[in-house]
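Asker: Just so you know, we're using our numbering here: the sequence shown kicks off at 2 and counts up by one.
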Amino acid sequence: MRRNALIAVVAAIGAVALGIRLLGAEANGPDSTVIIHSAPFSPLAAGGTLHCVSLVSPPVIDGQLSDWPAAESIELTRYTAYTFIGSLVDTNDLSSLIRSGWDDQHVYFAIQVTDDVAVADSTDVWRDDGVEIGLDGLNDDYAWGWDDHQYAVVVDGRKTDRSTVTSDITAAVYQYQGGYNVEVAIPMSKLISGSPISGTVMGLTIGLHDDDDGGSWDAYLIWQGTNTSSSPEEFGDLLFTQRAEDRVVALEAKIAQLERKLQEVLAILQGFQAVEPPQ
Ligand SMILES: [Ca+2]
Ligand SMILES: [Ca+2]
Ligand SMILES: [Ca+2]
Ligand SMILES: [Ca+2]
């Protein structure tokens with residue numbers, strides 16, 4: 002009898018889960034599309050804040066950015082940069098669009114750099130074409146903690162943290178005529194303890210070097226602040242957010258997982274019932 006009661010309880014839970022799922026489908030209507038990864042969050046980051054969007058699926062770190070949702074971007078040019086040193090002819094000479102995303106394990110960046118001549122000829126990474134990501138993970142405005150990093154990725158794929166070669170991050174560069182993409186995954190454990198939540202803020206700035214003729218750099222852009230390593234009080238904000246459609250996708254995935262588990266439990270319980278000796 003107790004087994005039958007247990008089966009009834011499990012079946013009831015399953016019915017509730019299925020009901021939630023069906024209600025959700027009803028609420029969305031038959032023609033609605035739940036997964037809307039092409040919808041822009043908003044076109045450009047403003048006021049020194051970039052929204053870091055939650056990603057249901059982690060991007061493949063290969064320099065191809067087609068696996069990224071169209072999310073808010075920093076447009077980094079000589080006209081938008083807080084700091085611009087050197088000389089640039091136009092935005093074809095150097096400019097960039099930067100997006101960011103997150104899951105529990107990583108912060109990701111997708112950086113599209115427009116640069117008409119790719120050069121990597123110097124020992125120092127900052128003398129070549131490349132990007133810098135300055136992060137104050139704890140957002141404590143202190144530059145020298147375990148949470149503070151100045152990651153650089155050069156157009157030839159070299160990776161450093163504060164100019165020292167690092168394998169802590171995963172990065173890929175994809176070069177094309179007129180520019181290159183940089184795709185980066187930074188372990189969350191290098192920035193904060195545990196996982197972020199919607200509303201978590203980290204200090205962020207982005208640096209961009211241009212070298213078109215060898216030797217040292219020709220131009221240097223910084224999104225927020227005057228350097229990318231030692232003045233996090235001047236950095237902008239990386240604000241962790243969760244898009245409404247991602248919440249729906251995550252909920253659907255959890256309900257589907259629950260349904261599978263309930264079916265497994267029901268199958269096991271029915272197996273027990275089948276071999277129950279007659280009373
Ligand atoms: Ca990719
Ligand atoms: Ca150089
Ligand atoms: Ca810090
Ligand atoms: Ca260049």
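Using N, Cα and C, we set each Cβ at its ideal position, and we do this for glycine too.
(1) Quick one: what does DSSP say I256 is sitting in, helix, strand or coil?
(2) Can you say whether F273 is buried or exposed, counting buried as having 16 or more other CB atoms within 10 angstroms of its CB?
(3) Mind checking D141: buried by the 16 CB within 10 Å criterion, or exposed?
(4) Does DSSP classify V266 as helix, strand or coil?
(5) Buried or exposed, going by whether 16 or more other CB atoms sit within 10 Å of the CB of P70?
(6) Is A47 close to ligand 2? I mean its beta-carbon at under 8 Å from any heavy atom of the ligand.
(7) Three or more C-beta pairs closer than 8 Å, one from the segment 122-140 and one from the segment 227-247: is that the case here?
(8) Any heavy atom of ligand 1 closer than 8 Å to the beta-carbon of V61?
(9) Check whether the segment 158-174 and the segment 204-215 touch, using three or more Cβ-Cβ pairs below 8 Å as the test.
(10) For ligand 2, I want to know if R159 counts as a neighbour, meaning its beta carbon is within less than 8 Å of at least one of the ligand's heavy atoms.
(11) Three Cβ pairs or more, each shorter than 8 Å: is that satisfied between the segment 120-129 and the segment 93-104?
(12) Is any non-hydrogen atom of ligand 4 found closer than 8 Å to the C-beta of D162, if you look at the structure I gave you?
(13) Under the rule that 16 or more other beta-carbon atoms within 10 Å means buried, what is G131, buried or exposed?
(14) Bridge partners of V174, per DSSP?
(15) Can you give me the Cβ contacts of L222 inside the same chain, cut-off strictly under 6 Å, excluding the 5 residues immediately before and after it?
(16) Which partner residues of V108 appear in the DSSP bridge assignment?
(17) Taking just the CA atoms, how far does G48 sit from Q225?
(18) What number of angstroms, rounded off, separates the C-alpha of A105 from the C-alpha of P197?
(19) Output yes or no for whether 9 Å exceeds the beta carbon distance between N182 and Q243.
(20) Please go through the same chain and pick out, in chain order, the residues whose beta-carbon is closer than 7 Å to the beta-carbon of W145, but skip the five residues on each side of it.
Answerer: In short, the structure shows the following:
(1) Numbered from its first residue, the sequence shown carries residue 256 at position 255. Residue state, collapsed to three classes: helix.
(2) The residue you call residue 273 lines up with position 272 of the sequence shown. Exposed, since its Cβ has fewer than 16 Cβ neighbours within 10 Å.
(3) Locating residue 141 in the sequence shown gives position 140, counting from the first residue. The residue in question, D141, is exposed, as its Cβ has fewer than 16 Cβ neighbours within 10 Å.
(4) Position 265 of the sequence shown, counted from the start, is the residue given in the question as residue 266. Under the three-state reduction of DSSP, V266 is assigned to helix.
(5) Within the sequence shown, the letter at position 69 stands for residue 70. Counting Cβ neighbours within 10 Å, P70 comes out buried, since at least 16 surround it.
(6) Taking the first residue of the sequence shown as 1, we reach residue 47 at position 46. A47: no, Cβ never under 8 Å from ligand 2.
(7) The segment 122-140 is in contact with the segment 227-247.
(8) Indexing the sequence shown from 1 puts residue 61 at position 60. The answer is yes for V61.
(9) no
(10) As a working mapping, residue 159 is identified with position 158 in the sequence shown. Checking the Cβ of R159 against ligand 2 gives no.
(11) no
(12) Start at 1 with the first residue of the sequence shown, and residue 162 comes out as number 161. It does not: the Cβ of D162 is nowhere closer than 8 Å to a heavy atom of ligand 4.
(13) Residue mapping note: residue 131 aligns to position 130 of the sequence shown, counting from 1. That one is buried.
(14) Numbered from its first residue, the sequence shown carries residue 174 at position 173. Paired residue(s): V183.
(15) On the sequence shown, residue 222 is found 221 positions in, with the first residue counted as 1. If you ignore the 5 residues before and after L222, its C-beta comes within less than 6 Å of the C-beta of L77, A82, F85 and L209, all in its own chain and listed in chain order.
(16) Residue 108 sits at position 107 when you count from the first residue of the sequence shown. For V108, which the question treats as bridged, DSSP gives the partners W103 and I187.
(17) The residue labelled residue 225 in the question sits at position 224 within the sequence shown. The residue labelled residue 48 in the question sits at position 47 within the sequence shown. The alpha-carbon atoms of Q225 and G48 are separated by roughly 10 Å.
(18) Translated into the one-based positions of the sequence shown, residue 105 becomes position 104. Translated into the one-based positions of the sequence shown, residue 197 becomes position 196. Residue identity differs from the one stated: residue 105 is Asp in this sequence, not Ala. When rounded, the distance between both Cα atoms is 7 Å.
(19) One-based indexing of the sequence shown puts residue 182 at position 181. One-based indexing of the sequence shown puts residue 243 at position 242. No. Outside cutoff.
(20) Locating residue 145 in the sequence shown gives position 144, where the first residue counts as 1. Same-chain partners within the cutoff: there are none.
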